[in-house]
Every structure is written in structure tokens, then in C-alpha cells.
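**Student:** Quick note on the numbering used here: the sequence shown kicks off at 281 and runs consecutively.
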Amino acid sequence: MKSAHRIVVGFVFVFFCLLQTLSASEIKAKPNFIVIFADDLGYGDLECYGHPRFKTPHLNRMAAEGARLTQFNVPVPYCAPSRATLLTGRYPWRHGVWYNPSPDGKQFRNGVGIAESELLLSELLKANGYATICIGKWHLGHDPEYFPTRHGFDDYLGILYSNDMRPVNLMQGEKLLEYPVIQANLTKRYTERAVKFINENQERPFFLYLPHAMPHKPLAAS
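(1) Can you have a look at W378 and say buried or exposed, based on whether 16 or more other CB atoms are within 10 angstroms of its CB?
(2) Kindly indicate which three-state DSSP category M451 falls into: helix, strand or coil?
(3) How would you write the range of the beta strand (DSSP E) that L401 sits in, first residue to last?
(4) Identify every residue that forms a DSSP beta bridge with E458.
(5) Taking G391 as the reference, which of G409, F313, G376 and L405 has the closest Cα?
(6) In whole angstroms, give me the CA-to-CA distance for M451 and R430.
(7) Could you check whether A493 and N443 sit closer than 8 Å to each other, using their CB atoms as the reference points?
(8) I'd like the span of the beta strand (DSSP E) that includes I314, first residue to last.
(9) Taking buried to mean at least 16 other C-beta atoms within 10 Å of its own C-beta, is A360 buried or exposed?
(10) Pop quiz: Y358 and T365 are said to be a contact at Cβ under 8 Å. What is the actual Cβ separation, rounded to whole angstroms?
(11) Which of helix, strand or coil does DSSP assign to I394?
(12) Is it right to say N465 is buried, meaning 16 or more other beta carbons lie within 10 angstroms of its own, or is it exposed?
(13) Secondary structure at E483, three-state DSSP: helix, strand or coil?
(14) Using a Cβ-Cβ cutoff of less than 7 Å, which residues in the same chain neighbour A343 once the five nearest sequence positions on both sides are dropped?
(15) Quick check: what's the CA-CA separation for L399 versus R374?
(16) Starting from C414, follow its DSSP beta bridges and name the residues at the other end.
(17) Pull up the distance between the alpha-carbon of V507 and that of S382, whole angstroms please.
(18) Quick one: what does DSSP say G376 is sitting in, helix, strand or coil?
(19) Could you give the DSSP three-state label for G322: helix, strand or coil?
(20) Excluding the 5 residues flanking K310 on each side, which residues of the same chain have their C-beta closer than 6 Å to its C-beta?
(21) Just the Cα atoms here: how many angstroms apart are L457 and L490?
(22) Leaving out five residues before and five after D245 in sequence, what residues of the same chain have Cβ atoms less than 8 Å from its Cβ?
(23) Taking all protein chains shown into account, decide if G330 is buried (16 or more other Cβ within 10 angstroms of its Cβ) or exposed.
(24) Consult DSSP for K476 and reduce its assignment to one of helix, strand or coil.
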């Protein structure tokens, strides 16, 4: 994410407040949490935020039936630190992810990732009986100790780093599923897996984290 004017919805802060203020006796059913995170989507790119040409009817409906935030900022104007902040509720200088993990070659490769000591929303919810899944772009570390399944997610389907760091690998859990992956159908595959997860967990509270790679370059329409 390359602009401070990217949409980073502060759901995580609401979640933490809910979990801290509501006890089991105060709520009969645990709410389900779905976080859809679009990469490099400008706040002015949506019709519901005033774009005069782009038609986004489904997102318009979500905005109309939910909460449309108009005052927001990100802690860092690029990818990994903002994702870590979203999932931990902490500033980058506290969670320690200050720049992007990179798998590219000897010159740019680094071992950056979210520390084991950090408490992620997924871990907090899993400890409270939630089914958890991450589907999409992780970018909080591509070495095994940083995988989503090591940080409170029961399952994972997606790419471990940015889709412009080629060739892109598609992971299922902790196993390599495809390398390189065809990006043209990733959005569709992510959506189908998300729908399946929701249908599989009708009788159990769940947390679905869906960080789509699009519309980050290179663009690939499903």
C-alpha cells in the first residue's frame, strides 16, 4: 500500500473492544467476523465514496447496510506494517514489522515477519472457540515460523508475499500448492474458498480474514 489514503478499516480495534467489554453471559451468540482487505484500493476508487465513473453496486450495498468510515489513516503507507497493525491493534514500532518481507534474490531477500510474541486477532478468537481462516495475501513473513497457521489460523489459502514479487507461490496450509500460480483466477478462487468456509461453519462462530491481492499491480481480473 503506497498511499496514506488507502482504506484500512479499523475493524480490529472494534473487535478488541467487543471482546474486552462483552462477557459470555452478556451475549447469547458469538458474532462472526469477516474482514475483507483490498490491496492498493484508493478510498476514492469506489462509487460509494464518490467516484463518478466506477460502478461498485455490491460494495455500495455493503456500505449502505454497514458503516462507511470517512475518517481514517494508516500507520505506514505500505503493505506489511499496516497488515500487522490491522491484526494486532498495535503501532509498527511496537509489533516490530517496519518494512515489507521480500523473497526476491540475495539483494532484496530478508527475514522480516510478525514475531511469535505478538497476539493476533486470529489467536485471540481461536482461543475463544472460533474457526479461523486466512485467504489471500499474507505478507507478514514467508518463512515457516511466520506462516498464518503459526499465528492462530486453522487454515490458509493464498500467496505469502506481494503478487509483484515473482514468481508467485500459492500455499495451502503450510504446503506449496502451485508455483508459479496463474493470477488471473486468484480472486475467484479466494472467493469460492471463502464461501465454502462460511457454509462449513454455520453452527460455529468464525473469523474469516480475506486479504485480496487485487487491485494491486499487476492487475488480473478473474
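C-beta: ideal position from N, C-alpha, C; glycine also.
Remember, predicted model here, so these are calculated numbers, not experimental data.
**Tutor:** Reading from the atomic positions:
(1) exposed
(2) strand
(3) Element bounds for L401: not the beta strand (DSSP E) but the alpha helix (DSSP H), L401 to K406.
(4) L450
(5) G376
(6) 14 Å
(7) yes
(8) F313 to A318
(9) buried
(10) Actually they are not in contact, since the Cβ atoms of Y358 and T365 sit about 12 Å apart, beyond 8 Å.
(11) coil
(12) exposed
(13) coil
(14) C328
(15) 12 Å
(16) Y436 and Y489
(17) Nothing can be reported for residue 507, as the shown portion of the chain is limited to 281 through 502.
(18) coil
(19) strand
(20) P485
(21) 18 Å
(22) Since the first residue shown for the chain is 281 and the last is 502, residue 245 is missing from the structure and cannot be characterised.
(23) exposed
(24) helix
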